[in-house]
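Numbers given in my numbering equal positions in the sequence shown, counted from 1, plus 204. Ideal Cβ placement from N, Cα and C applies to all residues, glycine included. Only a predicted model underlies this, so the values are computations on that prediction, with no experimental measurement involved. Report on one structure; see the data block that follows.
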Amino acid sequence: MDRVRAYFRIKGDVQGVGFRFYLLRQAAALKVGGWVRNLYDGDIEGEVEGPRHRVEEFLRYCWEGPPLARVEDVEVHYVEPIGEEDFKIKR
Numbered sequence: 205m206d207r208v209r210a211y212f213r214i215k216g217d218v219q220g221v222g223f224r225f226y227l228l229r230q231a232a233a234l235k236v237g238g239w240v241r242n243l244y245d246g247d248i249e250g251e252v253e254g255p256r257h258r259v260e261e262f263l264r265y266c267w268e269g270p271p272l273a274r275v276e277d278v279e280v281h282y283v284e285p286i287g288e289e290d291f292k293i294k295r
């Protein structure tokens, strides 16, 4: 299995619209690990880990977001996997 981990940063109108909980649900459905959190500048960042095809699908959801979100950009950088199985919301 080709396991990967990606750091992502989502820009746009993405806070206060349920984006972190949206990603939590997507991660559970895809069975990927990682985390997500709000940043003080209004962006959202996180990391996601799992089989490459599931991580890529999760990253596509980052471009969609929940109905009230407006995504302007998603930055992605691949990093070394650490074996994280659970996905959580960080503060």
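Quick check on residue i: buried or exposed, where buried means 16 or more other Cβ atoms within 10 Å of its Cβ?
i           : result
residue 287 : exposed
residue 225 : exposed
residue 232 : exposed
Would you mind working out which of the options sits nearest residue i, comparing C-alpha positions?
i           : options            : result
residue 247 : 255, 290, 237, 221 : 221
residue 293 : 261, 217, 275, 237 : 237
CA-CA distance, residue i and residue j?
i           : j           : result
residue 279 : residue 207 : 20 Å
residue 215 : residue 235 : 24 Å
residue 260 : residue 243 : 23 Å
residue 277 : residue 269 : 12 Å
How is residue i classed by DSSP in three states: helix, strand or coil?
i           : result
residue 251 : strand
residue 273 : coil
residue 213 : strand
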